[in-house]
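In the numbering used here, the protein residues as written are 75 to 532.
Below is one structure, written out as structure tokens; the observations come after it.
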Amino acid sequence: MKKRAWAEPFKIKMVELLKTTTPAERKVALEESGYNTFLLKSDDVYIDLLTDSGTNAMSDYQWAGMIVGDEAYAGSANFYNLERNVQKYYGYKYLVPTHQGRGAEHLLSRILIKPGDIVPGNMYFTTTRAHQELMGATFVDIIVDEAHDSESDLPFKGNIDLGKLEALIDKVGAKRIPYVCVAATVNMAGGQPISMANIKMVSELCRHHKIKVMLDATRAIENAYFIKTKESGFAEKSIHEILFEFCSYSDGCTMSGKKDLLVNIGGFLALNDWEIFEEARNMVVLYEGLHTYGGLAGRDMEAMSRGMEEAVQFEHIQARIGQVAYVGENLERLGIPIVRPIGGHAIFLDARRFLPHLKQTDFPAQALAAWLYLEAGIRTMERGIVSAGRNKDTGENHAPKLELVRLTFPRRVYTQAHCDVTIEAVETLYQDRNSLKGLRMIYEPKYLRFFQARFKPL
Ligand code: F0G
Numbered sequence: 075m076k077k078r079a080w081a082e083p084f085k086i087k088m089v090e091l092l093k094t095t096t097p098a099e100r101k102v103a104l105e106e107s108g109y110n111t112f113l114l115k116s117d118d119v120y121i122d123l124l125t126d127s128g129t130n131a132m133s134d135y136q137w138a139g140m141i142v143g144d145e146a147y148a149g150s151a152n153f154y155n156l157e158r159n160v161q162k163y164y165g166y167k168y169l170v171p172t173h174q175g176r177g178a179e180h181l182l183s184r185i186l187i188k189p190g191d192i193v194p195g196n197m198y199f200t201t202t203r204a205h206q207e208l209m210g211a212t213f214v215d216i217i218v219d220e221a222h223d224s225e226s227d228l229p230f231k232g233n234i235d236l237g238k239l240e241a242l243i244d245k246v247g248a249k250r251i252p253y254v255c256v257a258a259t260v261n262m263a264g265g266q267p268i269s270m271a272n273i274k275m276v277s278e279l280c281r282h283h284k285i286k287v288m289l290d291a292t293r294a295i296e297n298a299y300f301i302k303t304k305e306s307g308f309a310e311k312s313i314h315e316i317l318f319e320f321c322s323y324s325d326g327c328t329m330s331g332k333k334d335l336l337v338n339i340g341g342f343l344a345l346n347d348w349e350i351f352e353e354a355r356n357m358v359v360l361y362e363g364l365h366t367y368g369g370l371a372g373r374d375m376e377a378m379s380r381g382m383e384e385a386v387q388f389e390h391i392q393a394r395i396g397q398v399a400y401v402g403e404n405l406e407r408l409g410i411p412i413v414r415p416i417g418g419h420a421i422f423l424d425a426r427r428f429l430p431h432l433k434q435t436d437f438p439a440q441a442l443a444a445w446l447y448l449e450a451g452i453r454t455m456e457r458g459i460v461s462a463g464r465n466k467d468t469g470e471n472h473a474p475k476l477e478l479v480r481l482t483f484p485r486r487v488y489t490q491a492h493c494d495v496t497i498e499a500v501e502t503l504y505q506d507r508n509s510l511k512g513l514r515m516i517y518e519p520k521y522l523r524f525f526q527a528r529f530k531p532l
């Protein structure tokens, strides 16, 4: 293993004991959960790499903030702290808190989309696209082609292909495009970043056509780290400065605080346009809660506000992305196929190359996630044909080029030794790969099927 150049930039004050299971126990758990890692009980999991969402460890500073939660129904002090920090770090004028990211996606989609609209974006995200479609829009993927190729080494694989965007505007007309949905980083592409130069050009093109740019800022701080370390001209800038400039090329953002912002729950919609804000502030009362809490407790808003202050510290973000890189580099050294370049929040195993003997309809990524759990009690997530779902008009399966298993790292939760155990387990599975079977789906829910679908081995 590569010698580490640094250690975690924190020490541990409270621990949560882990439970280990036997292979026989895991076999039962896997059968009971229909070979779907979302349906496993957390008690049966040893190292939980299902998601980095809401699974972060909060600091003593954040926990102290929970104690000073102001639980007033209206005008909580913590709302104003959060608002001030959103203005300071992200630069948007107006804030509407929501219970999590999809609450903000719901409000934004409801306000800006009318039936028949087109929403272009740099690859879909499950909940984001689902809300756009529920409001009658069609999502069109305009990410650069390289994003769909797990072996392309382009540094900013999250970039928008401006040619695709212009062609789409020419084809459908700017009036049918309420906004361009820009994600930073791009989760489904492998946590790939988008460059400052790219968002700047997208913003110029959109302004010219009077189309809004709405950012999914869920992992924009991780994106800022990649800009600082990979894009020329940004090495000397702080994460805060980069984040602020990046957001300035958009008209607002939806945010899941459960990722970058180091909390277990929380999100927001942030806007620069007073009229959209006014509408959102009215609507949030119906769906989330009063506009100064949006479905969150005062203490949750305080934890998110303080998490923001910690998340933009370079030592934090360097260690966070460094941990992911450590796992990725070691897997690559073992010849295991992963999405290149290594992204921000996760390592994505390329199930097509890992299990070339399986067809996409044998659900290779779903199967690989199941077998990794059986091998070592490590829980991961399918990001392939199951997650992609069906075309909303034809009912056909979307067949994404990327068939991936995501090993997602919660922030500040696992140590380097947990990473070593993970690397070893994937290596063992890779050695046995020819014996690994695919799955067939025996139950398919209507919405976001990956959460609750059930399978059986072939
Ligand atoms: N946008 C992105 C890019 C996300 O990754 C997520 C959540 C959301 C929006 C929705 O936010 O969960 O707070 O409602 N991603 C999680 C994941 C679920 O595991 O990747 P939410």
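Even glycine gets a Cβ: it sits at the ideal position worked out from N, Cα and C.
Close-in-space but distant-in-sequence residues of the same chain around residue i (CB under 6 Å, 5 per side omitted)
i	result
residue 323	273, 274, 277
residue 176	201
residue 511	531, 532
residue 432	438, 512
residue 238	216
residue 205	179, 180, 183
residue 258	268, 294, 297
residue 286	253, 325
residue 408	501
residue 112	525
Reference residue i, options the options, closest by Cα
i	options	result
residue 542	434, 116, 118, 123	For residue 542 there is no data in the structure shown, the boundaries of the chain being 75 and 532.
residue 161	521, 471, 326	326
residue 100	453, 465, 459, 479	453
residue 256	231, 237, 289, 236	289
residue 412	467, 240, 222	222
residue 190	136, 210, 115, 450	210
residue 89	106, 133, 149	133
residue 378	339, 403, 430	339
residue 464	182, 480, 520	520
residue 448	259, 137, 119	119
residue 504	103, 98, 281, 427	427
residue 282	499, 243, 458, 364	243
residue 232	219, 225, 112	219
residue 460	498, 518, 496	518
residue 91	353, 106, 166, 116	116
residue 319	490, 98, 166, 80	166
residue 523	496, 98, 469	469
residue 457	494, 264, 279, 104	264
residue 446	466, 425, 250, 435	425
residue 279	260, 315, 234	234
residue 261	208, 315, 479	479
residue 394	96, 130, 236	130
residue 214	93, 316, 245	245
residue 137	98, 336, 357, 317	336
residue 527	455, 302, 224	455
Own chain residues within Cβ distance below 7 Å of residue i, not counting five before or after
i	result
residue 462	472, 474
residue 529	108, 109, 110, 437, 440, 513, 514, 515, 516
residue 483	123, 126, 397, 398, 419, 420
residue 376	139, 140, 142, 143, 152, 155
residue 248	283, 284, 285
residue 364	147, 148
residue 402	412, 416, 421
residue 389	83
residue 128	332, 338, 339
residue 355	170, 365
residue 405	412, 421, 497, 500
residue 493	397, 400, 401
residue 23	Residue 23 lies beyond the stretch modelled for the chain, which goes from 75 to 532, so this question has no answer here.
Sequence-distant residues of its chain with Cβ nearer than 8 Å to residue i (five each side left out)
i	result
residue 310	none
residue 429	438, 441, 442, 507, 510, 512
residue 227	414, 415
residue 114	103, 104, 107, 447, 453
residue 94	120, 451
residue 313	295, 298, 299, 302, 386, 387, 388, 391
residue 250	190, 191, 192
Contact test: residue i Cβ vs the ligand ATP heavy atom, cutoff 8 Å
i	result
residue 275	The ligand ATP is not among the ligands present in this structure, which contains only the ligand F0G.
9 Å Cβ cutoff, residue i in contact with chain D
i	result
residue 82	Of the protein chains in the structure, only one exists, and it is not chain D.
(Q) Does the segment 369 to 385 come into contact with the segment 192 to 203, if we say contact requires no fewer than three beta-carbon pairs (one atom in each stretch) closer than 8 Å? (A) no
Q | Nearest-residue set for the ligand F0G, Cβ under 6 Å from any heavy atom | A | 125, 127, 174, 175, 176, 199, 201, 202, 257, 261, 290, 292, 330, 332, 341
**Q.** Segment contact, 8 Å Cβ cut-off, at least three pairs: the segment 261 to 271 with the segment 342 to 352
**A.** No, the segment 261 to 271 is not in contact with the segment 342 to 352.
Q. Along the chain, which unbroken stretches of the beta strand (DSSP E) at least 3 residues long are found entirely within the segment 153 to 217?
A. Secondary structure remark: continuous beta strand (DSSP E) runs of at least 3 residues inside the segment 153 to 217, in chain order: 168 to 172, 192 to 195, 212 to 215.
Q) Would you call the segment 283 to 301 and the segment 138 to 150 touching, i.e. three or more CB-CB distances under 8 Å? A) no
**Q.** Touching by the beta-carbon criterion (3+ pairs, under 8 Å), the segment 330 to 340 and the segment 164 to 184
**A.** Taking 8 Å as the limit for Cβ pairs, the verdict is that the segment 164 to 184 does touch the segment 330 to 340.
Q: Examine the Cβ distances between the segment 372 to 379 and the segment 152 to 170 and report whether three or more of them are shorter than 8 Å.
A: yes
Q: Output the residue ranges of the alpha helix (DSSP H) runs that lie fully inside the segment 225 to 262 and measure 4 residues or longer, sorted by chain position.
A: 236 to 246
Q. Which whole runs of the beta strand (DSSP E) in the segment 331 to 373 are 3 residues long or more, in chain order?
A. 341 to 345
Q: Write down every uninterrupted run of the beta strand (DSSP E) in the segment 397 to 469 whose length is 3 residues or greater and which is fully enclosed by it, in chain order.
A: 420 to 424, 455 to 457
**Q.** Uninterrupted beta strand (DSSP E) stretches inside the segment 88 to 113 (no shorter than 3 residues)
**A.** none
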